[in-house]
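Notes follow once the structure below has been shown.
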Amino acid sequence: MTQFKYGGENMKHIFIVNPVSGKGNTKEIIRSEIHKIEDSFDIDVYDTKGVGDSERFIKSYLSEHNERTRFYACGGDGTVNEVVNGVAQFDHGSFAVYPCGSGNDFVKSFGTKEDFLDIAALVESSEIPIDIMKVNERYCINVCHFGFDTYVARKMNEIRSKPIIGGKNAYTTGVALGLLHAMKNNATIFCDGEKMNNGTFLLCTIGNGQYVGGKYKCAPRAVLNDGMLEVCLVDPVSRFTFVKLVNSYADGKHLDDPRFNTFLHYKRCNHIEIYGDEGFEVSLDGEVTPAPHAKIDVIPGGINMALPEKLLKCNALQGNTLMYSKKIGV
Numbered sequence: 089m090t091q092f093k094y095g096g097e098n099m100k101h102i103f104i105v106n107p108v109s110g111k112g113n114t115k116e117i118i119r120s121e122i123h124k125i126e127d128s129f130d131i132d133v134y135d136t137k138g139v140g141d142s143e144r145f146i147k148s149y150l151s152e153h154n155e156r157t158r159f160y161a162c163g164g165d166g167t168v169n170e171v172v173n174g175v176a177q178f179d180h181g182s183f184a185v186y187p188c189g190s191g192n193d194f195v196k197s198f199g200t201k202e203d204f205l206d207i208a209a210l211v212e213s214s215e216i217p218i219d220i221m222k223v224n225e226r227y228c229i230n231v232c233h234f235g236f237d238t239y240v241a242r243k244m245n246e247i248r249s250k251p252i253i254g255g256k257n258a259y260t261t262g263v264a265l266g267l268l269h270a271m272k273n274n275a276t277i278f279c280d281g282e283k284m285n286n287g288t289f290l291l292c293t294i295g296n297g298q299y300v301g302g303k304y305k306c307a308p309r310a311v312l313n314d315g316m317l318e319v320c321l322v323d324p325v326s327r328f329t330f331v332k333l334v335n336s337y338a339d340g341k342h343l344d345d346p347r348f349n350t351f352l353h354y355k356r357c358n359h360i361e362i363y364g365d366e367g368f369e370v371s372l373d374g375e376v377t378p379a380p381h382a383k384i385d386v387i388p389g390g391i392n393m394a395l396p397e398k399l400l401k402c403n404a405l406q407g408n409t410l411m412y413s414k415k416i417g418v
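For the sequence shown, this note's numbering begins at 89 and goes up steadily by one.
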């Protein structure tokens with residue numbers, strides 16, 4: 089039987105709302121649903137003011153208040169990443185996700201976006217510890233990737249607001265540009281001390297969660313509470329091979345597809361080191377950052393997440409049980 093940490097009662101609930109995420113009425117929908125339950129719970133809403141604001145707000149709040157506080161990331165994966173980086177290292181902080189952004193990859197490991205949109209159920213949910221990645225001095229909850237995927241992520245961020253090629257088409261546009269400019273990348277990757285390549289590669293994903301880019305199941309065996317990371321590294325291939333096999337990769341079948349055998353390297357590990365050229369970049373939950381030398385470690389059970397009970401039996405959680413209780417810094 090699943091062991092719960094605690095439910096939504098007797099704590100503070102703060103909804104971190106990214107006003108530019110989702111449809112134009114998302115903010116009004118959230119406030120309307122909160123209004124229905126605000127007499128039963130201690131709830132506040134904080135509207136973010138720009139990139140990095142939610143992380144700064146959460147760190148400041150938790151530094152000044154000792155009460156248990158749960159922060160709800162209302163936005164896409166970028167909002168989730170900021171909330172996680174704000175909550176990490178504070179024992180009395182936890183998080184939940186109300187996915188309403190253009191990209192909602194993290195929640196796909198558990199179920200569908202709709203599974204998280206019942207605010208009353210989300211507030212009443214109990215919490216479980218899940219693993220978290222530390223990438224140099226930043227935290228990452230879903231996927232860290234570099235090479236082709238990071239080039240695509242950077243281009244997505246650049247064109248997201250543009251008509252036709254942006255919006256829902258931003259990822260497809262980024263992939264098309266990647267096929268022209270990012271088929272061979274330079275870095276050497278070590279997993280638990282084992283050298284994984286000889287200095288060049290097409291792409292590499294390090295999965296705590298399973299999905300990236302909206303529909304690509306890059307880490308199909310990833311489990312969010314097993315204390316391990318899933319590393320998938322692909323050697324440079326031709327554009328023809330890429331296009332021929334991309335659907336298998338998207339469906340999460342690449343680890344069992346014999347056509348990948350000659351150029352795919354897969355390993356489960358705890359520690360990864362990346363040595364890249366000056367200007368080398370990695371993507372943390374879709375947020376691109378320079379990292380010529382990156383050290384990546386898994387922190388088992390490093391953060392507490394509120395999860396609707398119906399999702400506790402998903403294949404992204406090992407044994408349907410609480411495995412870790414240790415928090416960051418303890």
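Here a beta-carbon is modelled for each residue, glycine too, at the ideal position from N, C-alpha and C.
Looking at the backbone, the Cα of TYR304 and that of GLY191 are separated by about 12 Å.
About 12 Å separates the CB atoms of GLU155 and SER182; that is not less than 8 Å, and the two are not in contact.
Each of ILE122, SER128, GLU170 was checked against the Cα of ASP141, and the nearest Cα belongs to GLU170.
The C-beta distance from TYR160 to HIS101 rounds to 7 Å, short enough to fall under 8 Å. At a Cβ-Cβ threshold of 8 Å, GLY297 and LEU312 count as neighbours. As far as DSSP is concerned, VAL263 takes part in no beta bridge. Burial check for HIS359: the Cβ neighbour count within 10 Å stays below 16, so the residue is exposed. When C-beta atoms of the stretch 369 to 377 are compared with those of the stretch 216 to 234, three or more pairs fall below 8 Å, so the two segments count as touching. Counting only runs of 3 or more residues that sit fully inside the stretch 165 to 247, the beta strand (DSSP E) segments are 181 to 187, 215 to 223, 226 to 228, 231 to 235, in chain order. Per DSSP, the beta-bridge partners of THR293 are HIS233, CYS320.
In the pairwise beta carbon analysis, the stretch 347 to 364 is classified as touching the stretch 379 to 391: at least three pairs are separated by under 8 Å.
Of the candidates LEU395, PRO107, PHE368, ILE294, the residue whose Cα lies closest to the Cα of ASN274 is PHE368.
Residue range 381 to 394 is occupied by the beta strand (DSSP E) that includes ALA394. In the DSSP assignment, GLY163 forms a beta bridge with PRO187. Bounds of the beta strand (DSSP E) holding GLU361 are 359 to 364. Apart from sequence neighbours up to five positions away, the residues of its chain that approach PHE351 with a beta-carbon distance below 7 Å are VAL322, ASP323, VAL325, ordered along the chain.
Under the three-state reduction of DSSP, ARG144 is assigned to helix. Taking 8 Å as the upper bound for CB-CB distance, ASP365 and LEU291 are not in contact here, some 16 Å apart. In this structure, VAL263 sits near VAL240, with a CB-CB distance shorter than 8 Å. CA-CA distance, THR329 to ARG242, rounds to 23 Å. The beta-carbon distance between ILE247 and THR261, rounded to whole angstroms, is 6 Å. This is short enough to meet the 8 Å contact definition. Closest option to VAL231, judged by alpha-carbon separation, among LYS283, HIS153, VAL319: VAL319. MET393 and LEU267 have their alpha carbons spaced roughly 37 Å apart.
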